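**Student:** Protein chains in written order, with our numbering: chain U, 7 to 279; chain A, 7 to 279. Have a look at this one before I ask anything.
There are 2 protein chains.
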Amino acid sequence: MFYIVGLGLGGVKDITVRGLEIVRNAERVYLESYTSILPEDKLKLETFYEKPLIEADREMVEQSADEILDSAHEKDVVLLVVGDPFGATTHADILLRARDLNINTKVVHNASILNAIGCCGLQLYHFGETVSIPFWTDIWRPSSFLNKINQNKAIGLHTLCLLDIQVKEPTWESITKKKKEYQPSRFMEVKEACSQLLQIINKGEFEEVNYVSRECLCVGAARVGWPDQKIVVATLAEMADVDLGPPLHSMVIVGKLHPIEEQFLKQFFINKT
Amino acid sequence: MFYIVGLGLGGVKDITVRGLEIVRNAERVYLESYTSILPEDKLKLETFYEKPLIEADREMVEQSADEILDSAHEKDVVLLVVGDPFGATTHADILLRARDLNINTKVVHNASILNAIGCCGLQLYHFGETVSIPFWTDIWRPSSFLNKINQNKAIGLHTLCLLDIQVKEPTWESITKKKKEYQPSRFMEVKEACSQLLQIINKGEFEEVNYVSRECLCVGAARVGWPDQKIVVATLAEMADVDLGPPLHSMVIVGKLHPIEEQFLKQFFINKT
Chain U
7 MFYIVGLGLG GVKDITVRGL EIVRNAERVY LESYTSILPE DKLKLETFYE
57 KPLIEADREM VEQSADEILD SAHEKDVVLL VVGDPFGATT HADILLRARD
107 LNINTKVVHN ASILNAIGCC GLQLYHFGET VSIPFWTDIW RPSSFLNKIN
157 QNKAIGLHTL CLLDIQVKEP TWESITKKKK EYQPSRFMEV KEACSQLLQI
207 INKGEFEEVN YVSRECLCVG AARVGWPDQK IVVATLAEMA DVDLGPPLHS
257 MVIVGKLHPI EEQFLKQFFI NKT
Chain A
7 MFYIVGLGLG GVKDITVRGL EIVRNAERVY LESYTSILPE DKLKLETFYE
57 KPLIEADREM VEQSADEILD SAHEKDVVLL VVGDPFGATT HADILLRARD
107 LNINTKVVHN ASILNAIGCC GLQLYHFGET VSIPFWTDIW RPSSFLNKIN
157 QNKAIGLHTL CLLDIQVKEP TWESITKKKK EYQPSRFMEV KEACSQLLQI
207 INKGEFEEVN YVSRECLCVG AARVGWPDQK IVVATLAEMA DVDLGPPLHS
257 MVIVGKLHPI EEQFLKQFFI NKT
């Protein structure tokens with residue numbers, strides 16, 4: 007059997023009881039190490055699971071799926087992923103590959119930022135399409151995510167913005183070489199995302215109507231589900247100066263507020279006056 | 007401390023390890039019994055938790071929050087909810103009430119249908135606003151959810167449709183009386199939701215452009231995360247005749263399909279020819 011088990015928001019005890027049983031009984035356990043987990047967590051997880059974990063980076067999951075799936079016909083093999091197993095297309099890929107090889111598969115669900123963001127008090131039913139905000143480079147500065155935020159805002163919906171995570175990304179120079187060299191890991195902060203958004207707005211070149219202004223209300227959420235979770239509500243312009251601390255960060259561009267949402271958000275306002 | 011702990015998709019072992027520890031150490035544990043849990047599960051949960059559970063119906067959570075929160079200043083009180091704690095506004099209400107009473111609160115997240123629906127292979131980032139489809143009565147036949155589905159479909163997004171759950175609903179006759187009488191529990195099936203949608207379409211009275219036809223692709227998902235989970239992909243017209251078995255059911259009206267989504271969905275097609 008091939009299992010994909012969700013780790014939830016990333017604390018060692020965020021795995022479900024069923025997930026833990028599966029991990030402890032498995033022959034081999036892989037830990038997906040590129041979508042969001044922090045490197046220092048591997049040892050904590052191994053200690054708690056009483057099980058060695060094999061790190062599976064992006065290249066391995068995408069290009070060596072058969073190595074992970076090896077012997078899963080007879081034995082139990084587990085791939086651990088942060089959040090819920092269906093947060094990334096890669097996991098659909100490996101499940102399809104397992105099916106092609108006639109390997110039975112099971113998925114153990116868990117919380118992901120897509121539902122846990124509800125902790126800020128915004129109703130999950132009032133969110134539109136989720137967007138991803140990528141790190142800009144000198145020559146690549148996409149702004150298409152603003153169109154989706156506008157599409158949501160036009161009909162009063164909130165937008166969850168997932169902020170870029172770069173773990174084990176090859177350097178530009180080594181991308182075509184056999185021996186890859188890797189950039190240091192980077193996690194986009196809410197203030198960086200806000201700064202990029204402000205630059206797009208200041209430029210003022212919009213394909214369609216723009217509803218996102220400097221005064222637009224945003225929720226910055228850091229380390230959701232962790233003991234030091236931090237949530238701040240501020241305008242876009244204010245948020246560009248807010249330091250929310252260590253990763254992971256996410257952001258919501260707020261749409262139309264319902265009374266109960268407004269009441270809940272109040273506790274997080276940066277300026278409570 | 008007042009905790010709201012998510013039970014995930016409802017199997018006893020779907021609670022997280024951290025959630026289980028909190029439950030086992032708590033002074034009192036309430037089980038929210040009206041948004042989706044099935045009555046026969048209470049005993050199973052009590053046996054696994056080694057803890058008695060106090061049933062909290064809608065009236066209790068909405069009107070007697072202070073009874074639940076009693077003594078939570080000094081002792082640990084837990085409210086268990088199916089899915090993730092922020093799936094329903096009621097839970098935001100009771101957290102706000104606790105804050106007003108200066109009681110510390112913590113939330114333990116878990117999977118909910120809002121992210122677990124990814125198991126059908128549709129990418130969670132391609133979903134628009136979620137809709138709820140209510141049971142119709144003889145005199146109340148709302149169709150406004152179709153507008154939202156159309157709004158999503160117009161820009162290529164999928165729509166998760168949450169189907170009505172009626173647990174411990176007072177009868178019309180007893181609604182103003184002191185002694186309430188309750189209707190039997192009802193859980194809307196995918197085929198009933200499809201039949202309501204087909205009636206709206208057949209009537210042909212649309213406020214705006216309608217993109218939902220009899221041939222429109224739908225995903226029916228029953229008992230997501232359970233051992234007997236069932237997923238079927240069919241047209242809306244076909245789905246109105248599909249029996250997906252016991253509750254809970256959810257449905258997705260499919261938007262624009264990406265190649266990997268299409269490939270994943272194929273395994274669930276009702277007509278594989």
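Quick reminder that beta carbons are idealized off the backbone N, C-alpha and C, glycines included. Note that the coordinates shown come from a computational prediction; the quantities given were computed from them, not determined experimentally.
1) Answer with buried or exposed for A/Ser281, where buried requires no fewer than 16 other C-beta atoms within 10 angstroms of its C-beta.
2) What residue range is occupied by the uninterrupted beta strand (DSSP E) comprising A/Ile5?
3) Which value, in whole angstroms, describes the spacing of the CA atoms of A/Ser118 and U/Lys183?
4) Run through chain A and tell me which residues come within less than 8 Å of U/Asn116, C-beta to C-beta.
5) With U/Phe111 as the anchor, note down where its alpha helix (DSSP H) starts and where it stops.
6) Rank A/Cys222, A/Asp76, A/Glu52, A/His255 by C-alpha distance to the C-alpha of A/Thr241 and give the top, closest one.
7) Can you tell me where the alpha helix (DSSP H) holding A/Tyr9 begins and where it ends?
8) How should U/Ser219 be labelled, buried or exposed, when 16 other C-beta atoms within 10 angstroms of its C-beta is the threshold for buried?
9) Kindly indicate which three-state DSSP category A/Ile119 falls into: helix, strand or coil?
10) Under 8 Å between C-beta atoms, does A/Ser92 make it to chain U?
11) Mind pulling the chain A residues with CB within less than 8 Å of U/Asp99?
12) Would you say U/Ala122 faces chain A, with C-beta separation under 8 Å as the test?
13) Output needed in chain order: residues of the stretch 163-191 of chain A with a Cβ under 9 Å from some Cβ in chain U.
14) Using a cut-off of 7 Å between C-beta atoms, extract the partners of A/Val113 located in chain C.
15) Is DSSP giving U/Pro252 helix, strand or coil here?
16) Quick check: what's the CA-CA separation for A/Leu120 versus A/Phe275?
17) Given that a residue counts as buried once 16 or more other Cβ atoms are within 10 Å of its Cβ, and exposed if not, what is U/Gln129?
18) Return the CA-CA distance between U/Lys174 and A/Gln202, expressed in angstroms with no decimal places.
19) Taking DSSP's pairing of strands, which residues face A/Cys167 in a bridge?
20) Determine which residues of the stretch 143-162 of chain U have a Cβ less than 7 Å from any Cβ of chain A, and write them out in chain order.
21) Using only the alpha-carbon positions, how far apart do U/Thr177 and U/Gln189 sit?
**Tutor:** Short version:
1) In the structure displayed, chain A extends from 7 to 279; residue 281 of chain A sits before or after that span and is not available.
2) Since the first residue of chain A shown is 7 and the last is 279, residue 5 of chain A is not available in this structure.
3) As a working mapping, residue 118 of chain A is identified with position 112 in the second sequence. As a working mapping, residue 183 of chain U is identified with position 177 in the first sequence. Taking the straight line from one Cα to the other gives about 43 Å.
4) The residue you call residue 116 of chain U lines up with position 110 of the first sequence. Against chain A, the beta carbon of U/Asn116 has neighbours under 8 Å at Gly14, Thr22, Asn116, Ala117, listed in chain order.
5) Locating residue 111 of chain U in the first sequence gives position 105, where the first residue counts as 1. The sequence given here has Thr at residue 111 of chain U, not Phe. Where U/Thr111 is concerned, there is no enclosing alpha helix (DSSP H), although the beta strand (DSSP E) it sits in stretches over 111-114.
6) Locating residue 241 of chain A in the second sequence gives position 235, counting from the first residue. Checking every option, the nearest Cα to that of A/Thr241 belongs to A/Cys222.
7) Locating residue 9 of chain A in the second sequence gives position 3, where the first residue counts as 1. A/Tyr9 -> not in any alpha helix (DSSP H); beta strand (DSSP E) instead, spanning 8-12.
8) Within the first sequence, numbered from 1, the residue matching residue 219 of chain U stands at position 213. It counts as exposed.
9) As a working note, residue 119 of chain A is residue 113 in the second sequence. The DSSP-derived three-state label of A/Ile119 is helix.
10) Sequence index remark: in the second sequence, residue 92 of chain A carries index 86 (1-based). In the sequence as presented, Ser is not what sits at residue 92 of chain A; that position holds Phe. A/Phe92 counts as touching chain U.
11) Taking the first sequence and counting its residues from 1, one reaches residue 99 of chain U at position 93. Chain A residues near U/Asp99: Ile266.
12) Locating residue 122 of chain U in the first sequence gives position 116, counting from the first residue. Answer yes: the Cβ-Cβ gap between U/Ala122 and chain A drops below 8 Å somewhere.
13) Correct list: Leu163, Leu168.
14) The structure shown contains no chain C; its protein chains are U and A.
15) Taking the first residue of the first sequence as position 1, residue 252 of chain U is located at position 246. Coil.
16) As a working note, residue 120 of chain A is residue 114 in the second sequence. As a working note, residue 275 of chain A is residue 269 in the second sequence. Taking the straight line from one Cα to the other gives about 22 Å.
17) Walking along the first sequence from the start, residue 129 of chain U turns up at place 123. Buried, since its Cβ has 16 or more Cβ neighbours within 10 Å.
18) Here residue 174 of chain U refers to the residue found at position 168 when the first sequence is read from its first residue. Here residue 202 of chain A refers to the residue found at position 196 when the second sequence is read from its first residue. Approximately 50 Å, taken between the alpha carbons.
19) Translated into the one-based positions of the second sequence, residue 167 of chain A becomes position 161. Answer is A/Val137, A/Met257.
20) Gln157, Ile161
21) Stepping through the first sequence from its first residue, residue 177 of chain U is reached at position 171. Stepping through the first sequence from its first residue, residue 189 of chain U is reached at position 183. So the alpha carbons of these two residues sit roughly 6 Å apart.
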